[in-house]
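Peer 1: Can you keep this structure in mind? I'll have questions shortly.
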Amino acid sequence: MLDGVMRRLIAPPLDRLGIRLAARGVTADAVTLAGLGAGLLAAAMVAFGAPGLALVPLLAGGVADGLDGAVARAGRKTDFGGYLDIVADFLVYGAVPLGFVLMDPAANGAAGAFLLTSFYVNGATFLCFAILAERRKMETRARGTKSLYFTGGLLEGTETIAFFVAICLWPGLFAPLAWGFGALCFVTALSRVLLARRVFPEG
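Residues in the sequence shown are numbered from 690 upward in steps of one, following the numbering used here.
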């Protein structure tokens, strides 16, 4: 829901930095992998009981997630780069909640499982919509130039990062926040299913 607003705020400085990095030979894939490493480090720090400190690599990974696209636009865009970006995002989105489950399985296990299930379903509705949109040659630039067709929703990347920041700041509230965020993920997934039913009618 907030990705469009956030993009207008951060795109200009990221694009400028992307041009500089591309000119120095830095590739978008390298930035994506750096962001992935930062996100996985954050998840590991959470699992070992340091969610507050995990904010540093978590936010660094978030910046890298926006920067890789800027580097790609300034240098060379590839289909594999877009693919790698999505895979890295989904891996981090799963690893951070897993870190909280591993940190305190008794308190966080059920809520974490619910949250990860909601991420799984939400991701499926997003990717399947993108596949059908590609088959029909649909295009959108509502979220900028992307490798896949991006459907908006109640919860997007900005809201997910904000949620991760919140549970790192207040780890004792992971369970109620996870139940609530997971429920909203299911609402987002349902909205995509209803949109797909309207956009991709039978026949």
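Yeah, the Cβ is synthetic: ideal placement off N, Cα and C, and Gly gets one too.
Roughly how many angstroms separate the alpha carbons of Trp868 and Arg762, rounded to a whole number?
Peer 2: C-alpha separation (whole angstroms): 37 Å.
Peer 1: Between which two residues does the alpha helix (DSSP H) containing Arg887 stretch?
Peer 2: It spans 863-888 - the alpha helix (DSSP H) in which Arg887 sits, taken as one unbroken run.
Peer 1: Which of helix, strand or coil does DSSP assign to Met827?
Peer 2: Three-state DSSP puts Met827 in coil, outside helix and strand.
Peer 1: What number of angstroms, rounded off, separates the C-alpha of Leu725 from the C-alpha of Gly755?
Peer 2: C-alpha separation (whole angstroms): 12 Å.
Peer 1: Please report the distance separating the alpha-carbon of Phe815 from that of Glu823.
Peer 2: One C-alpha to the other measures close to 12 Å.
Peer 1: Is it buried or exposed for Met734, if we count other Cβ within 10 angstroms and need 16 for buried?
Peer 2: By the neighbour-count rule (16 or more Cβ atoms within 10 Å), Met734 is buried.
Peer 1: Going straight from the alpha carbon of Leu722 to that of Ala759, what length do you get?
Peer 2: For Leu722 and Ala759, the distance between alpha carbons rounds to 15 Å.
Peer 1: What's the C-alpha gap between Val876 and Leu804?
Peer 2: If you take the alpha carbons of Val876 and Leu804, they lie about 13 Å apart.
Peer 1: Is Thr849 helix, strand or coil when you go by DSSP?
Peer 2: The answer is helix: DSSP assigns Thr849 an H, G or I state.
Peer 1: Where Ser807 and Ile775 are concerned, what is the direct C-alpha to C-alpha distance, given to the nearest angstrom?
Peer 2: Distance between the alpha carbons of Ser807 and Ile775 is about 17 Å.
Peer 1: I'd like the ranges of any alpha helix (DSSP H) spanning at least 4 consecutive residues and lying wholly in the stretch 742-808.
Peer 2: Entirely contained in the stretch 742-808, the alpha helix (DSSP H) runs reaching 4 residues are, in chain order, 744-763, 768-792.
Peer 1: Which whole-angstrom value describes the C-beta separation of Leu747 and Phe852, a residue pair presumed to lie in contact below a C-beta threshold of 8 Å?
Peer 2: 11 Å between Cβ atoms; not a contact.
Peer 1: For the candidate residues Pro702, Pro740, Val888, Ala700, whose alpha-carbon lies nearest to that of Lys826?
Peer 2: With distances taken between Cα atoms, Lys826 lies closest to Val888.
Peer 1: Determine the contact status of Phe863 and Phe789, defining contact as a CB-CB distance below 7 Å.
Peer 2: Yes. Within cutoff.
Peer 1: Looking at the structure shown, is Ile856 part of a helix, part of a strand, or coil, going by DSSP?
Peer 2: Ile856: helix per DSSP, three-state reduction.
Peer 1: Look at the Cβ atom of Cys857, then the Cβ atom of Pro740, and state whether they are nearer than 7 Å.
Peer 2: Against a cut-off of 7 Å, the Cβ pair of Pro740 and Cys857 comes out as a contact.
Peer 1: Going by DSSP, what residue range makes up the alpha helix (DSSP H) through Leu722?
Peer 2: Segment 717-736, the alpha helix (DSSP H) holding Leu722.
Peer 1: Is the distance from the Cβ of Arg711 to the Cβ of Gly770 below 7 Å?
Peer 2: At residue 711 the sequence reads Ala, which differs from the Arg that was named. No, they are not a contact pair.
Peer 1: Verify the contact flag: Ala867, CB atom, against every heavy atom of the ligand ATP, threshold strictly below 6 Å.
Peer 2: Summarising the ligand content, the structure contains no ligands, and the ligand ATP is consequently not present.
Peer 1: Within its chain, find whatever has a CB closer than 7 Å to the CB of Val810; leave out the 5 residues flanking it on each side and keep chain order.
Peer 2: Hits under 7 Å: Phe875, Ala878.
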